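Mapping to UniProt numbering: the sequence shown position 62 is 62, numbers consecutive.
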Amino acid sequence: MPGKRSPVLASILVLILAAACWLGARALSGYARSEQQSWPAGEGSTWLPPAEAAPIMAMGYRQLWADINWARVLVYHGNNWSDNPEFRYRYLTQFLDTVIALDPKFERIYEWAAYSVTYQGGTVDQDEFLLSVEYLERGMEAFPDRYVYPWIAGIRYFVDIESDDPDQRQRYRERGAELIERAMSKPDAPENLALTAAGLRSKLGQKERALDNLRQVILSTDDPEAQQQLIATYQSLAGEDFPDEELRAKEELEQRWLDTLPFAPPNLYIVLGDPPSPVIDFGQLAMPRDLFSASLLEDTTEPEPVVENAADADAATTGADVSSEGAAAPSQSPDDEPGAATDIESDAPTVPAP
Numbered sequence: 001m002p003g004k005r006s007p008v009l010a011s012i013l014v015l016i017l018a019a020a021c022w023l024g025a026r027a028l029s030g031y032a033r034s035e036q037q038s039w040p041a042g043e044g045s046t047w048l049p050p051a052e053a054a055p056i057m058a059m060g061y062r063q064l065w066a067d068i069n070w071a072r073v074l075v076y077h078g079n080n081w082s083d084n085p086e087f088r089y090r091y092l093t094q095f096l097d098t099v100i101a102l103d104p105k106f107e108r109i110y111e112w113a114a115y116s117v118t119y120q121g122g123t124v125d126q127d128e129f130l131l132s133v134e135y136l137e138r139g140m141e142a143f144p145d146r147y148v149y150p151w152i153a154g155i156r157y158f159v160d161i162e163s164d165d166p167d168q169r170q171r172y173r174e175r176g177a178e179l180i181e182r183a184m185s186k187p188d189a190p191e192n193l194a195l196t197a198a199g200l201r202s203k204l205g206q207k208e209r210a211l212d213n214l215r216q217v218i219l220s221t222d223d224p225e226a227q228q229q230l231i232a233t234y235q236s237l238a239g240e241d242f243p244d245e246e247l248r249a250k251e252e253l254e255q256r257w258l259d260t261l262p263f264a265p266p267n268l269y270i271v272l273g274d275p276p277s278p279v280i281d282f283g284q285l286a287m288p289r290d291l292f293s294a295s296l297l298e299d300t301t302e303p304e305p306v307v308e309n310a311a312d313a314d315a316a317t318t319g320a321d322v323s324s325e326g327a328a329a330p331s332q333s334p335d336d337e338p339g340a341a342t343d344i345e346s347d348a349p350t351v352p353a354p
């Protein structure tokens with residue numbers, strides 16, 4: 001019909017208009033980038049209160065502001081990967097300290113901070129590793145039952161942190177092995193963490209310490225597969241089989257626990273012990289008992305004689321001295337020769353005083 005536009009022609013016009021807009025936007029974007037490269041280097045402004053004042057400024061809504069600043073630090077970390085190292089992550093530690101000051105129990109911040117403060121300039125230095133350990137130690141204080149913080153800190157000390165001083169380097173290695181052992185004893189620690197601790201102690205030349213750690217985990221684990229792996233590592237390191245009597249003692253203890261208090265944790269059973277007998281044994285009650293940690297052994301020493309006055313005491317003492325001297329050496333008559341008496345005294349056995 002005349003006066004009506006074809007739908008095909010309208011679609012073509014729309015496509016041509018969209019293509020023209022897209023090409024214009026591309027050209028404008030390229031021009032803007034070229035102009036931006038000629039601008040002087042700068043950094044966007046960031047408003048952030050001091051970490052010490054943040055809990056006061058939160059006015060009671062500390063967790064809310066901690067969540068808000070946590071979102072801000074994620075955006076800040078993602079947007080500040082610039083080519084100018086002078087402005088790269090300048091306020092990152094201030095963001096992290098503010099979040100921790102607002103909510104010290106915000107668990108995710110500690111592990112994330114330990115990784116985010118490293119490789120800020122594309123490479124890593126020792127100061128960044130030490131700063132990473134600082135945040136991990138703060139995480140250990142806030143969450144003492146989590147294994148991940150001492151584990152990462154131990155790896156940092158043993159592998160990453162270096163020193164030109166051999167003694168200082170040895171102290172770093174010792175500290176790393178100690179933290180790995182601490183992580184090994186945490187409730188949420190994996191069973192194979194003991195293998196890492198034993199390997200680190202072996203590298204330090206502390207074989208007995210490594211065997212003690214393995215023995216401790218072998219006797220405390222409930223996973224049969226992990227226990228066999230730990231026993232194999234113990235045997236290869238010690239050069240001998242694991243003592244069977246220790247495993248039998250562990251099995252007997254577990255059986256007594258299951259028979260007595262299966263609804264309670266094993267640690268509570270060890271503290272309480274076996275239940276008392278329901279029957280009262282009067283013979284057992286009649287026996288003398290050391291209720292106050294005093295010795296029940298009878299005193300076998302002879303009592304000293306009772307002296308009524310000082311004169312009797314002096315006489316008794318003088319008499320004891322005279323009798324002891326008389327028994328110690330034989331009497332010598334005036335007719336005996338001195339030389340003969342000396343020979344007799346040298347050959348005669350000494351008689352002890354009564």
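Note that the Cβ used here is the ideal one computed from N, Cα and C, for glycine as well. These numbers were taken from a predicted model, which means no experiment stands behind them.
Are the beta-carbon atoms belonging to residue i and residue j less than 9 Å from one another?
i: residue 227; j: residue 218; result: yes
i: residue 66; j: residue 99; result: yes
i: residue 136; j: residue 156; result: yes
i: residue 232; j: residue 211; result: no
i: residue 132; j: residue 101; result: no
i: residue 173; j: residue 195; result: no
i: residue 183; j: residue 150; result: yes
i: residue 69; j: residue 54; result: yes
i: residue 204; j: residue 214; result: no
i: residue 76; j: residue 123; result: no
i: residue 202; j: residue 237; result: yes
i: residue 142; j: residue 105; result: yes
Under 8 Å from any heavy atom of the ligand NAP, does the C-beta of residue i make it?
i: residue 167; result: Although the ligand NAP was asked about, the structure shown includes no ligands whatsoever.
Rounding to the nearest angstrom, what Cα-Cα distance links residue i and residue j in this structure?
i: residue 191; j: residue 224; result: 11 Å
i: residue 26; j: residue 19; result: 11 Å
i: residue 171; j: residue 96; result: 29 Å
i: residue 179; j: residue 115; result: 18 Å
i: residue 165; j: residue 111; result: 29 Å
i: residue 209; j: residue 260; result: 34 Å
i: residue 193; j: residue 31; result: 56 Å
i: residue 6; j: residue 64; result: 59 Å
i: residue 14; j: residue 29; result: 23 Å
i: residue 249; j: residue 221; result: 14 Å
i: residue 9; j: residue 22; result: 20 Å
i: residue 34; j: residue 148; result: 47 Å
i: residue 24; j: residue 74; result: 34 Å
i: residue 279; j: residue 272; result: 19 Å
What span of residues does the alpha helix (DSSP H) with residue i cover, start to end?
i: residue 356; result: Nothing can be reported for residue 356: it is not among the residues displayed for the chain, which extend from 1 to 354.
i: residue 278; result: Counting along the chain, residue 278 falls outside any alpha helix (DSSP H), and DSSP gives it neither H nor E.
i: residue 122; result: Where residue 122 is concerned, there is no enclosing alpha helix (DSSP H), given that its DSSP letter is neither H nor E.
i: residue 74; result: 62 to 79
i: residue 233; result: 224 to 238
i: residue 101; result: 92 to 102
i: residue 54; result: 54 to 57
i: residue 149; result: 148 to 155
i: residue 89; result: Looking at the DSSP string, residue 89 is not in any alpha helix (DSSP H), and its letter there is neither H nor E.
i: residue 266; result: 266 to 272
So, at 7 Å on beta carbons, what are the nonlocal neighbours of residue i in its own chain, with the 5 sequence-adjacent residues on each side left out?
i: residue 160; result: 129
i: residue 187; result: 145
i: residue 126; result: 161, 162
i: residue 62; result: 55, 102, 103
i: residue 48; result: 91, 94, 95, 98
i: residue 275; result: 260
Per DSSP, what kind of secondary structure is residue i in: helix, strand or coil?
i: residue 203; result: helix
i: residue 140; result: helix
i: residue 191; result: coil
i: residue 251; result: helix
i: residue 112; result: helix
i: residue 163; result: coil
i: residue 7; result: helix
i: residue 297; result: Here the model assigns residue 297 a pLDDT of 48, short of 50, so the residue's position is not dependable, and the following value carries that caveat. Reduced to three states, the DSSP call for residue 297 is coil.
i: residue 354; result: Per-residue confidence for residue 354 stands at a pLDDT of 42, beneath the threshold of 50, marking its modelled position as unreliable; no derived number is given.
i: residue 324; result: Residue placement at residue 324 is poorly supported in this model, since its pLDDT is 45, which falls under 50; the coordinates still yield a value, given next. Residue 324 falls in the helix class under three-state DSSP.
i: residue 135; result: helix
i: residue 51; result: coil
i: residue 208; result: helix
i: residue 19; result: helix
i: residue 260; result: helix
i: residue 158; result: helix
i: residue 106; result: coil
i: residue 127; result: helix
i: residue 196; result: helix
i: residue 333; result: Its pLDDT being 45, under 50, residue 333 is placed unreliably by the model, and nothing is read from it.
So, at 8 Å on beta carbons, what are the nonlocal neighbours of residue i in its own chain, with the 5 sequence-adjacent residues on each side left out?
i: residue 71; result: none
i: residue 93; result: 117, 131
i: residue 255; result: none
Can you give me the Cβ contacts of residue i inside the same chain, cut-off strictly under 6 Å, excluding the 5 residues immediately before and after it?
i: residue 154; result: 176, 179, 180
i: residue 139; result: 110, 149
i: residue 257; result: 266, 269
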